[in-house]
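Quick notes on the structure that follows.
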Amino acid sequence: MKKTCYYETLSVERTADSETIKKAYRKMALKYHPDRNPDDPDAMIRFREAAEAYEVLSDAHKRRIYDVYGHSGLESQGYNTGGFSGVHDIFSAFSDIFEGVFGFGHNRPQRKGKDLLYELSISLEDAALGKEASFTVQRQEPCQDCGGHGQKNGTLPPICPTCKGQGQVVRSQGFFQLATTCPDCYGHGRRVTDPCPACRGQGWVNQEKKLAVQIPAGIAGGQRLRLSGEGQAAGLGLPRGDLLVQVQVADHSHFERNGDNLYSQIEVSMTQAALGKNIAVDTLLGGLQDIKLPEGIQNGQSLTLSGHGMPNLRTSLKGDLIIQVLIKTPSNLNDEQRELLERLLLLEKETSESKMHERINKKKNWFFNKN
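In structure tokens, the structure reads:
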């Protein structure tokens with residue numbers, strides 16, 4: 151289905167400034183809000199279309215892409231232009247506009263810093279045992295010179311005169327009161343007037359931070375661990391984001407993993423396979439283990455060592471080690487080996503001929519007995 155032009159959706163000109171776009175969106179959102187139109191499905195569609203249009207046109211970068219390339223340009227850049235899944239998603243995305251309207255925004259959670267992502271590589275042995283891993287990340291830390299306040303000499307910045315320290319400004323529009331984040335202090339309630347030279351008034355500086363995370367036994371590559379409050383700083387007095395540790399398990403030279411099971415291969419001689427001899431096989435954590443080959447095992451068949459695989463992340467029960475047997479054909483034979491194999495070949499031929507004659511005799515006996 152062809153998408154409607156975002157400017158047409160909000161009924162604004164292409165040259166409209168951000169404030170005009172914001173007012174147009176708020177007007178449409180209030181008009182088509184589901185609470186006002188409970189029995190009108192078309193109103194919900196218009197409500198979502200307006201939210202989608204505002205999401206793009208209120209963002210300078212997205213708007214530039216849209217103006218030049220349209221909807222396809224946004225999609226090619228990885229932006230979702232499919233709207234929102236529900237009314238609460240829309241209010242979460244545009245809380246500054248709806249705050250103080252229809253009861254939304256009064257219990258809005260405190261803004262926190264951005265989450266960080268760190269990729270941590272571990273060995274298969276570490277994934278099986280679990281371990282505490284230390285690593286270093288680059289993140290924002292409070293400025294030591296100003297104590298994180300951003301004001302020179304570490305003093306508290308003065309209260310913002312625009313919002314009187316509330317962090318919000320309230321505007322009356324008809325019957326409604328609209329509370330938005332203060333444009334001068336960005337919601338902090340205080341405004342830096344004499345910036346700290348070390349952090350340029352930001353209150354934070356980029357530094358390396360050493361952290362540690364507990365790797366649970368049985369973790370698989372691609373899984374993430376969350377360290378709450380170890381992400382990026384948000385600003386003075388605001389909570390940090392989280393740090394997501396994405397675990398990558400390095401390839402092993404001898405074992406491959408599939409779920410909780412491990413797979414490996416072992417070479418044996420044809421005499422070991424034929425006679426069913428004992429052999430030593432390597433395990434991931436238990437060292438060498440002796441196992442007995444079944445007599446006459448064939449090339450490519452597998453043996454299973456129960457409980458020598460990976461621990462399950464939830465139950466801690468271990469999977470199995472499955473070993474594929476590869477039978478190695480001897481080469482570069484000496485005279486004695488060749489003679490033994492020739493004798494074996496002769497015996498096999500005699501045995502085969504004997505069995506063939508036995509089958510022929512059985513058929514003859516069956517024929518004569520029948521007649």
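Going by this note's numbering, the sequence shown wraps up at 521, each residue one higher than the last.
C-beta atoms are modelled at their ideal positions from N, C-alpha and C, and glycine is treated no differently.
Skipping 5 residues on each side, what residues in its chain have a beta carbon closer than 7 Å to that of residue i?
{"i": "Pro444", "result": "Gly426"}
{"i": "Ala283", "result": "Leu270, Ile272, Ala362, Val363, Ile365"}
{"i": "Gly409", "result": "Gly469"}
{"i": "Lys262", "result": "Ala384, Leu388, Pro389, Arg390, Gly391"}
{"i": "Gln373", "result": "Val397"}
{"i": "Ser526", "result": "Because the chain here runs from 151 to 521, residue 526 falls outside it and cannot be looked at."}
{"i": "Pro307", "result": "His299, Gly300, Gln301, Arg340, Arg341, Val342, Thr343"}
{"i": "Ser235", "result": "In this prediction, Ser235 scores a pLDDT of 44, lower than 50, which makes its location untrustworthy; no coordinate-derived value is stated."}
{"i": "His402", "result": "Leu274"}
Among residues of its own chain, excluding the 5 on either side of residue i, which ones have a beta-carbon nearer than 8 Å to its beta-carbon?
{"i": "Thr501", "result": "none"}
{"i": "Ser208", "result": "Ser168, Ile171, Lys172, Tyr175"}
{"i": "Asn428", "result": "Asp440, Ile441, Lys442, Leu443"}
{"i": "Gln422", "result": "Ile429, Leu443"}
{"i": "Lys478", "result": "Glu417, Val418, Ser419, Met420"}
{"i": "Leu483", "result": "Leu491"}
{"i": "Gln318", "result": "Glu249, Ala329, Thr330, Thr331, Cys332, Gly337"}
{"i": "Gln487", "result": "Pro480"}
{"i": "Gly450", "result": "Gln474, Val475, Leu476"}
Among all the DSSP beta bridges, which residues are the ones paired with residue i?
{"i": "Glu291", "result": "Val355"}
{"i": "Val399", "result": "Ile272"}
{"i": "Phe285", "result": "Leu361"}
{"i": "Tyr413", "result": "Glu406, Ile472"}
{"i": "Met319", "result": "One point to set straight first is that residue 319 is Val, not Met, in the sequence displayed. Paired residues: Thr330."}
{"i": "Ala126", "result": "Any answer about residue 126 is impossible in this case: the structure gives the chain only from 151 up to 521."}
{"i": "Pro345", "result": "Gln301"}
{"i": "Ile429", "result": "Ile441"}
{"i": "Ile309", "result": "Arg340"}
{"i": "Leu497", "result": "DSSP, once it has assigned bridges, lists no residue as partnering Leu497."}
{"i": "Val418", "result": "Ile477"}
{"i": "Leu394", "result": "Leu267, Arg376"}
Are residue i and residue j touching if we call contact CB-CB under 8 Å?
{"i": "Gly337", "j": "His299", "result": "no"}
{"i": "Ala200", "j": "Ala179", "result": "yes"}
{"i": "Gly457", "j": "Leu412", "result": "no"}
{"i": "Cys310", "j": "Asp334", "result": "yes"}
{"i": "Glu275", "j": "Leu471", "result": "no"}
{"i": "Gln301", "j": "Val355", "result": "no"}
{"i": "Lys264", "j": "Gln382", "result": "yes"}
{"i": "Gly371", "j": "Val399", "result": "yes"}
{"i": "Val475", "j": "Lys359", "result": "no"}
{"i": "Tyr219", "j": "Phe197", "result": "no"}
{"i": "Leu266", "j": "Arg289", "result": "yes"}
{"i": "Ser206", "j": "Arg213", "result": "Before going further, note that residue 206 is Val rather than Ser in the sequence given. In contact: Val206 and Arg213 (Cβ atoms closer than 8 Å)."}
Assuming residue i and residue j make a contact with CB atoms under 8 Å, what is their CB distance in whole Å?
{"i": "His404", "j": "Ser414", "result": "6 Å"}
Go through its chain and collect everything with a Cβ distance to residue i's Cβ below 6 Å, but skip five positions before and after it.
{"i": "Thr312", "result": "Cys332, Asp334"}
{"i": "Asp187", "result": "One point to set straight first is that residue 187 is Asn, not Asp, in the sequence displayed. Once the five neighbours on either side are set aside, the close Cβ partners of Asn187 are Ala193."}
{"i": "Pro461", "result": "Ala367, Gly368, Lys468"}
{"i": "Gly406", "result": "The displayed chain sequence assigns Glu, not Gly, to residue 406. Excluding positions up to five away in sequence, the list reads Tyr413."}
{"i": "Val395", "result": "Tyr268, Leu270, Val363, Leu375"}
### Message
Going residue by residue through the stretch 442-490, where are the continuous alpha helix (DSSP H) segments of at least 4 residues, counting only ones entirely within it?
### Response
none
### Task
Can you check the stretch 175-220 for any beta strand (DSSP E) of at least 3 residues that lies completely inside it and give the ranges in chain order?
none
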